[in-house]
Amino acid sequence: MAHNGHYRDDNCVEDDDDKTPTKEQQQEPPSNTEETPGYLGSEPHNEAATAAGRATSDRPTSNSTTRRRCDSVKKTRPPFPWFGMDIGGTLVKLVYFEPKDITAEEEQEEVANLKSIRRYLTSNTAYGETGIRDMHLELQDLTLCGRTGNLHFIRFPTHDLPAFLQMVRDKHFSSLHTTLCATGGGAYKFESDFRTMADLQLHKLDELDCLIRGVLYIDSVMSSGPSECYYFENPTDPDHCVQRPYTLENPYPLLLVNIGSGVSILAVYSENNYRRVTGTSLGGGTFLGLCCLLTGCATFEEALQMASQGESTRVDKLVRDIYGGDYESFGNMMSKEKRESVSKEDLARATLVTITNNIGSITRMCALNENIERVVFVGNFLRVNTLSMKLLAYAMDYWSKGQLKALFLRHEGYFGAVGALLELLHPS
Amino acid sequence: MKLLGEKKPAFPWFGMDIGGTLVKLVYFEPVDITAEEEQEEVENLKSIRRYLTSNVAYGKTGVRDVHLELRNLTMCGRTGNLHFIRFPTQAMPRFIQMGRDKNFSSLHTTLCATGGGAYKFENDFRSMADLELLKLDELDCLIRGLLFVDRMGFNGHPECYYFQNPSDTQSCVKKPCTLDNPFPMLLVNIGSGVSILAVYSENDYKRVTGTSLGGGTFLGLCCLLTGCETFEEALEMASKGDSTNVDKLVKDIYGGDYERFGLQGSAVASSFGHMMCKDKRDSISKEDLARATLVTITNNIGSIARMCAVNEKIERVVFVGNFLRINTVSTKLLAYAMDFWSKGQLRALFLEHEGYFGAVGALMELLKTTEDP
């Protein structure tokens, strides 16, 4: 893996050289250690690996009779298509690698449905009613496992997974005999649906393992586009608050705060050494759920739109209002007249501020406890949500008197999916 | 501001804590009044005493918590009963009005007050009732009051209690205890907002953190979501609701437990997480919403308290504040959370006089008394 941010070629051989032998040897069989004990029943990777013809015996690994890789000496990549999937509580995140170096010969041999999948994904930016490809996040001219291509970032609500499975079935995805690496809770919850509805075996991966792997990889990729990592300068000053790039060289230790439906906070000491410090159930799902209830909005975008126009101080009891006692959220709402005087926008704003500040507060305590100064916030709660990002930047800076720095990553909620894709290409 | 030498302060003796939502008032009713003293007692002082002790409700919203009365207490050399009265901070103007009508200022007594309202209403007291407040720090008063009441005991019974087997609804039982050797302790004050203090000795403490999601949030959100009007109504609804229809649990996302990190399927992954879905919104009740609000706020506090306890390396966590008044759901939830998430390392303790310690501490400042033998 990269150490200096100039990593471009995710070639299998180089990768082996970088990995420490002990890591290879101690994971026997490797993928099992990444899955939760309760789900060891299935051994999808065995079948999938054989079918994919993956062989990595050029790695310095120790032997095992339960090895899933076959013995061929030649290095073989998994067959296309290459996907990584993260099935979360609210959203499914999909990353797709579109090869651009297809030779004429290869194109000739390409099966129809594979071609169709490639065309469908790359010539649309919207899929069905709710699927979206985040074009602005596309990584172009990436080299993965010896192939060059573009990495696409697609999302759709978990609620619409059945429609997705239907499509997968209709496109005869299972006939491609490819492994579908999936992480997130849904990889477990919907495992049997994938099997029965689309005849697909998922290779299930732990979401936090994938998250970290994905974060470290994406940050290391050199692209001509904007820097992946950034922070806010002068977060407390709206007129001078500006985004600035940041390199995550020597990133350890870092506190990784993943704000999805719920929140997980991880202390990361090295690529393979991390700990889930804590979490909170007041996350993005809470913001959206409460907003829907309080304002009648239906989507995350609507909720944010309202919040951007509201004024939370009418809703909250300000420090000024009590004196200097504790500022409390929604405190003014006990009074009927006050309730009637606030708008939906104010409520949306107050909800956003409350949830965000709570996360900020908990994060700060963790950073203090773990003695870590760098905090990286990821997760789709922050998607198109500059308000929360600035609040978090402000909170970290202000309450720590400048000791803590809040960092953000452009690919926000996609790291789990990227990590899953990496597992497909470079099984650990 | 210092009180004169050996002289006791003049009656009446009050301690006041003006919070964001409630005003807490403690009143010392002397029962050892001699015939002579009674003769000399000025009219309005007598009237105040009678008004307070012969009623349990005042105006439309004032309440005297009779069950909390501390009887035959000795303070500053006098014997009497300590009364605990509360009313909404919103009714403060009327209270000040009453103070004026009863000519309180002519009694030349000091009115010791703590809480944010002591600052917010200072001018009103002066201009409307010609009263000067002696403003005191709320956390100083809180700790002082708490230690005092625990030492005095609750009419011969312990003030402090905990829950045995908090994780087992069937055998979960309230047990008394005392705060002997109370230090260090983590004190979590859940009023409108929340303050968390690490207390090392009576005079050595620090405010570790706070959260804006407190009792005020619970009530405010409940009012918005269910149309209820009072704390009692909100709790009533919450006691009948099921929050799992509103919250997204780990099993809703994983289909079961998330074993890798020890998260049971029944744990909440995303509070109110189901509410982004219209079908779910249409199928839940107001009671479910009230319950979810209560559970969310309570669990958040518990989680933060636990992190502080771990940070500060303190095993005893004492929860006070009027959010816990008549709120067994939250009390048990906190007991459970502390026990479960710490694998039995942390213990949650509670006190019967919940939200009144600040006011008691203010009274003590008036009397400048520590413990009476």
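Quick note, the sequences are listed as chains A and B, same order. Under UniProt numbering, the first sequence has 287 at position 287, and the numbering climbs by one with no breaks. Under UniProt numbering, the second sequence has 129 at position 129, and the numbering climbs by one with no breaks. Each residue gets a CB set at the ideal place from its N, CA and C atoms; glycine is no exception.
First and last residue of the uninterrupted beta strand (DSSP E) at residue i
i	result
F408(A)	K405 to L409
E412(A)	Element bounds for E412(A): n/a, residue is neither H nor E.
E352(B)	Unbroken run through E352(B): none, as it is neither H nor E.
S195(B)	V194 to S201
F83(A)	W82 to I87
T211(B)	D204 to T211
P12(B)	That residue, P12(B), is in no beta strand (DSSP E); it is neither H nor E in DSSP.
A118(B)	No beta strand (DSSP E) contains A118(B), which is instead part of the alpha helix (DSSP H) from G117 to K120.
K60(B)	K60(B) -> no beta strand (DSSP E), and no H or E assigned at all.
I183(A)	In the sequence as presented, Ile is not what sits at residue 183(A); that position holds Thr. Start and end: L180 to T183.
C177(B)	V173 to C177
P245(A)	V242 to P245
L73(B)	L70 to M75
Y252(A)	First-last for Y252(A): undefined, no H or E at that position.
T114(B)	L111 to T114
C229(A)	C229 to E233
Residue i burial status per 10 Å Cβ neighbour count (16 or more: buried)
i	result
M185(B)	buried
residue 374(B)	Since the displayed chain B opens at 1 and closes at 373, residue 374(B) lies outside it and no answer follows.
Y51(B)	exposed
K206(B)	exposed
A48(A)	With a pLDDT of only 35 at A48(A), under the threshold of 50, the placement of this residue in the model should not be trusted; the figure read from the coordinates follows. Buried: at least 16 other Cβ atoms inside 10 Å.
D204(B)	exposed
G220(B)	buried
P238(A)	exposed
P166(B)	buried
F357(B)	buried
G402(A)	exposed
D141(A)	exposed
M135(A)	exposed
P93(B)	exposed
P226(A)	exposed
Y120(A)	exposed
D180(B)	exposed
Spatially closest choice to residue i from the options, by CA coordinates
i	options	result
V31(B)	T53(B), L363(B), P88(B) and L139(B)	T53(B)
L211(A)	L425(A), A417(A) and I87(A)	A417(A)
H172(A)	D239(A), M197(A) and L347(A)	M197(A)
C241(A)	T247(A), Y231(A) and L248(A)	Y231(A)
R276(A)	N81(B), Y356(B) and Y258(B)	Y258(B)
V42(B)	C76(B), T109(B) and V56(B)	T109(B)
S100(A)	G84(A), N124(A) and L151(A)	What sits at residue 100(A) in the sequence shown is Lys, not Ser. When each option's Cα is compared against that of K100(A), the closest is L151(A).
I304(B)	K135(B), L294(B) and V317(B)	V317(B)
G331(A)	F350(B), G321(B), G62(B) and G191(B)	G191(B)
C277(B)	Y119(B), M307(B), V246(B) and E38(B)	V246(B)
L290(A)	T280(A), A303(A) and P251(A)	A303(A)
L382(A)	A420(A), P427(A), S261(A) and M333(A)	S261(A)
D242(B)	T293(B), L224(B), E232(B) and G262(B)	T293(B)
Paired residues, beta bridge with residue i - DSSP
i	result
S270(B)	K248(B)
H136(A)	The partner list for H136(A) (beta bridge, DSSP) is empty, contrary to what the question assumes.
E98(A)	N150(A)
F84(B)	V26(B)
H270(A)	Per the sequence presented here, residue 270(A) reads as Ser, with His not at that position. Paired residues: N273(A).
R374(A)	K405(A)
I259(A)	V263(A)
N189(B)	S195(B) and V320(B)
A348(B)	V317(B)
R281(B)	Answer is none; R281(B) lacks a bridge partner.
First and last residue of the uninterrupted alpha helix (DSSP H) at residue i
i	result
N113(A)	A112 to S123
residue 449(A)	What the structure shows of chain A is the stretch from 1 to 428, and residue 449(A) is not part of that stretch, so it cannot be assessed.
L333(B)	T328 to W341
S341(A)	K336 to S341
A290(B)	K286 to E312
residue 422(B)	Residue 422(B) is absent from the structure shown; chain B starts at 1 and stops at 373.
Y161(B)	Taken as a continuous stretch (DSSP letters only), Y161(B) belongs to no alpha helix (DSSP H), being part of the beta strand (DSSP E) at C160 to Q164.
Whole-angstrom C-beta distance between residue j and residue i, which should lie under 8 Å
i	j	result
V92(A)	T158(A)	5 Å
G15(B)	L366(B)	6 Å
L282(A)	N358(A)	5 Å
L266(A)	L208(A)	6 Å
A129(B)	G99(B)	4 Å
L351(B)	C160(B)	6 Å
Using Cβ-Cβ distances below 8 Å, what residues of the region 153-168 of chain A are close to chain D? No chain D is part of this structure, whose protein chains are labelled A and B.
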